[in-house]
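Peer 1: Count the sequence shown with the numbering used here and you get residues 88 to 379, in order. Even for Gly, the Cβ is constructed at its ideal location relative to N, Cα and C. Have a look at this one before I ask anything.
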Amino acid sequence: MPEGDTVFLAGKRLHDALAGATLTRGELRHPRLVEHDLAGRTVLEVVSVGKHLFTRFDDATSLHSHFRMDGTWHLYRPGRPWRGGGDHQIRAILEVPDRVAVGYRLHDLDLLPTAHEDTWVGHLGPDLLGDDWGPDAAAEIERRLRADPARELGAALLDQRVACGVGNLYKAEICFLIGVSPWTTVGDLSDRQVHDAVAWARKLLERNAWRPEQSTTGDLGGNAQHWVFERGGRGCRRCRDVVRTAGQDDGSPDREDRIAYFCPTCQPGPHPPLERRRGRRPQQQSGRQARY
């Protein structure tokens with residue numbers, strides 16, 4: 088599932104392309120919405136809330152979309168070929184005089200009164216990229232994290248009811264940056280670690296919100312963008328131990344375990360049993376002991 092910054096960037100690009108223009112074509116090909124024709128409506132704005140997008144129209148209605156695992160919006164100039172997938176995967180077409188927005192594989196698509204958008208997002212925690220971000224929002228996320236001290240940090244970070252915007256990439260990187268295993272329970276974290284987890288969540292999403300590349304290390308090179316995410320079996324960029332992977336239950340009843348990436352040396356704490364690996368003992372980070 089895409090991270091919140093991916094959805095944020097998609098929303099900004101759609102807003103820049105559509106806002107203030109009247110739709111010359113507005114097709115919805117979702118089975119529940121095929122009878123609706125949006126042509127003639129003016130787009131007021133496109134906004135993101137966590138991983139949700141709302142395209143708001145001048146008749147006080149909103150088109151809600153959610154990417155899930157494989158959904159996406161593509162923008163094209165009129166007359167240019169569409170390359171986001173097959174015709175059978177198109178769920179929405181929003182065309183204005185100089186741009187065409189095509190939504191592919193949008194499994195969650197709904198047309199609703201703008202005043203009722205909370206039916207989709209009212210249960211969510213503070214938006215890490217929200218316009219109203221500030222100390223109160225950060226404190227509320229910390230409160231929601233601490234509300235279930237027995238919960239594993241990795242699962243709590245993925246819960247959009249705690250804070251909306253973090254996906255599996257940032258979950259892995261946040262746990263690495265605060266130096267704990269993803270299986271560490273929230274109750275075992277210090278106040279500083281809880282504070283830092285929230286601060287890093289905001290900082291990483293904000294850092295990458297205006298570009299397609301997602302770097303947590305400050306390096307945009309293809310093999311150096313992340314500390315541990317998708318580095319399973321390779322050396323930790325900090326201590327050279329081997330980055331390990333294991334499934335972690337995020338608490339969702341309809342989803343398989345998510346892959347957790349972690350360095351057992353840099354991230355002490357509970358984790359599934361590790362295979363013994365031959366070779367020299369990994370270099371220890373100064374001042375930090377590994378717990379297996």
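1. Please name the residue or residues paired with HIS151 in a DSSP beta bridge.
2. Within 10 angstroms of the Cβ of ARG279, are there 16 or more other Cβ atoms? Answer buried if so, exposed if not.
3. What are the boundary residues of the alpha helix (DSSP H) that GLY91 is part of?
4. Given that a residue counts as buried once 16 or more other Cβ atoms are within 10 Å of its Cβ, and exposed if not, what is ASN255?
5. Closer than 8 Å is the cut-off here; do at least three beta carbon pairs connect the stretch 296-306 with the stretch 267-286?
6. Taking 7 Å as the cut-off, does the CB of GLY113 come closer than this to any heavy atom belonging to the ligand GDP?
7. Leaving out the 5 sequence neighbours to the left and right, which residues in its chain are closer than 7 Å to GLN354 when beta-carbon positions are compared?
8. Figure out for me which residue from ALA296, TRP314, GLU239 and GLY252 has the closest Cα to the Cα of PRO357.
9. Could you tell me the alpha carbon to alpha carbon distance between ASP157 and ASP223, rounded to whole angstroms?
10. Given this structure, state the Cα-to-Cα distance separating PRO359 from PHE316, to the nearest angstrom.
11. Report the residue ranges of all alpha helix (DSSP H) runs contained in full by the stretch 183-240; include only those spanning at least 4 residues, in chain order.
12. Any chance you could list the alpha helix (DSSP H) runs of at least 4 consecutive residues sitting entirely within the stretch 233-311, in chain order?
13. Shortest alpha-carbon distance to PRO168 belongs to which of CYS350, VAL189 and PRO351?
14. For ALA104, collect the residues of the same chain with a Cβ closer than 7 Å to its Cβ; drop the 5 residues on either side in sequence, then sort them by chain order.
15. Please look up how many angstroms separate the CB atoms of THR201 and THR148, rounded, as I've assumed it's under 8 Å.
16. Less than 6 Å between C-beta atoms, sequence neighbours within five positions excluded: which residues of the same chain meet that for GLN301?
17. How many Å lie between ALA237 and ALA347 at the Cα?
18. Would you mind reading off the limits of the beta strand (DSSP E) that contains GLN335?
19. Using alpha carbons as the reference points, say which of ALA311, GLN247 and ARG100 lies closest to THR159.
20. Starting from LEU162, follow the beta strand (DSSP E) in both directions and report where the run begins and ends.
21. Considering just the uninterrupted stretch of the beta strand (DSSP E) at VAL133, what are its terminal residues?
22. Is the Cβ-Cβ distance between LEU120 and LEU196 less than 8 Å?
23. Specify, as a first and last residue, the run of the beta strand (DSSP E) that ALA347 falls within.
Peer 2: In terms of the structure at hand:
1. PHE141 and ASP197
2. exposed
3. 91-105
4. buried
5. no
6. The ligand GDP is not among the ligands present in this structure, which contains no ligands whatsoever.
7. CYS262, PHE263, GLY266, VAL267 and SER268
8. GLU239
9. 33 Å
10. 17 Å
11. 205-208 and 222-233
12. 240-245, 255-264 and 278-295
13. VAL189
14. LEU162, ARG186 and ALA188
15. 6 Å
16. ASN295
17. 18 Å
18. 331-335
19. ARG100
20. 159-163
21. 130-136
22. yes
23. 345-349
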